[in-house]
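This report refers to the structure that appears directly beneath it.
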Amino acid sequence: MMPTVTIVVPFYNCPYIQQALESAVQQTYPAVEIIVVDDGSTRYADLIAPYTNRVYYMGKGNGGTASALNHGILHASGEYIAWLSSDDRLVPQKVERQLAFMLSRGLDISYTGFAVIDEHNRVIRPYEGIPMASKSDLCQQLLNYNPINGCTVIAKKSWLRQVGMFNQELPYTHDFDLWVRLLMNGASFGFLPDMLTLYRVHSQMGTIKHQATIEREYAMVKNNYRGVLEYMARQYP
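Start counting the sequence shown at 451; every next residue gets the next number (the working numbering).
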């Protein structure tokens, strides 16, 4: 039987949600579940209405992206979890190709290449992606930056729950924190170079509006994990 992949879409006042959901429902992989977690939105929820027969729509009080992702993961029936931000898009073969890659290699988590688009869906950069030569190489990369775009990730739900899912106390670096904890606990990672996600850059995105705060939080989290990352970089093959 084909394992189910749950696509979790955290949503908060995002005008691009319809495009994100359209890309999710167009996936060529047949066993896909889509969960939209409305994190206390006051705008644009009406754009979800045309998809209510294809997605599970869950509302909650505003708590940030990490809490919305965790809420979706807790309610997911899929064996695997994919994260789709409400302003990004997936290519139709995203789940099918990435899951086949994971199953053929026995991976717990994988991430892929992506293209960067603007507000009008114009491709700004046709390809981004930082390959990993080994688990040691990934640890070394994490010492300097976050090489994993969260919206390219597919992960086993059992692993996410085993390590406690996303840290809701970290508004901006919950993804980086999770990748390190997964590595610390022995999860296997793989990089698929295919461009399977369209990552949108726009003036209202959090990474632009809160850049200084994000940099401070990232420096703090990276410093907390520096010792263990350096140790794992030496220990892993």
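For each residue, glycine too, the CB sits at the ideal point set by N, CA and C.
Beta carbon of residue i nearer than 7 Å to that of residue j
| i | j | result |
| --- | --- | --- |
| ARG650 | ILE574 | no |
| THR432 | LEU471 | Because residue 432 is not part of the residues shown, which for the chain are 451 to 687, the question remains open. |
| SER536 | ILE467 | yes |
| GLY640 | SER584 | no |
| VAL487 | VAL455 | no |
| ILE531 | ALA605 | yes |
| LEU435 | PRO460 | Outside the displayed span of the chain (451 to 687) sits residue 435, for which this structure offers no information. |
| HIS652 | GLU578 | no |
| GLN618 | SER517 | yes |
| THR623 | GLU667 | yes |
| LEU534 | CYS601 | yes |
Distance, residue j Cα to residue i Cα
| i | j | result |
| --- | --- | --- |
| ILE598 | PHE564 | 10 Å |
| GLY636 | ASP496 | 42 Å |
| GLY614 | PRO500 | 34 Å |
| SER586 | THR663 | 29 Å |
| VAL678 | LEU553 | 29 Å |
| LYS612 | ASP625 | In the sequence as presented, Lys is not what sits at residue 612; that position holds Gln. The alpha-carbon atoms of GLN612 and ASP625 are separated by roughly 15 Å. |
| PRO542 | GLU529 | 20 Å |
| GLN685 | SER527 | 35 Å |
| PRO576 | SER608 | 33 Å |
Cβ-Cβ separation, residue j to residue i (assumed contact under 8 Å), whole Å
| i | j | result |
| --- | --- | --- |
| ASP558 | THR647 | With a Cβ gap of about 19 Å, ASP558 and THR647 do not count as contacting. |
| HIS525 | ILE484 | In fact, because the Cβ distance is near 12 Å, the residues do not count as touching under 8 Å. |
| ILE498 | TYR506 | In fact, because the Cβ distance is near 11 Å, the residues do not count as touching under 8 Å. |
The ligand PLP heavy atom lying under 6 Å from the CB of residue i
| i | result |
| --- | --- |
| PRO480 | Ligands displayed in this structure: none; no statement on the ligand PLP is therefore possible. |
Query - Touching by the beta-carbon criterion (3+ pairs, under 8 Å), the segment 544 to 558 and the segment 473 to 481 - result: yes
Report task. Report yes or no: do three or more beta-carbon pairs, one from the segment 480 to 492 and one from the segment 504 to 523, lie closer than 8 Å? Result -> yes
Query raised in the report: Are there three or more Cβ pairs, one per stretch, closer than 8 Å when the segment 621 to 637 is compared with the segment 585 to 593?
Result: Flag = yes, the segment 621 to 637 and the segment 585 to 593 touch.
Requested in this report: Quick one: which unbroken alpha helix (DSSP H) runs of 4-plus residues sit fully inside the segment 469 to 540? Chain order, please.
Outcome: 515 to 525
Report task. Could you name each continuous beta strand (DSSP E) segment of 3 residues or more that falls completely within the segment 572 to 642, going from the start of the chain to the end? Result -> 573 to 578 and 604 to 606
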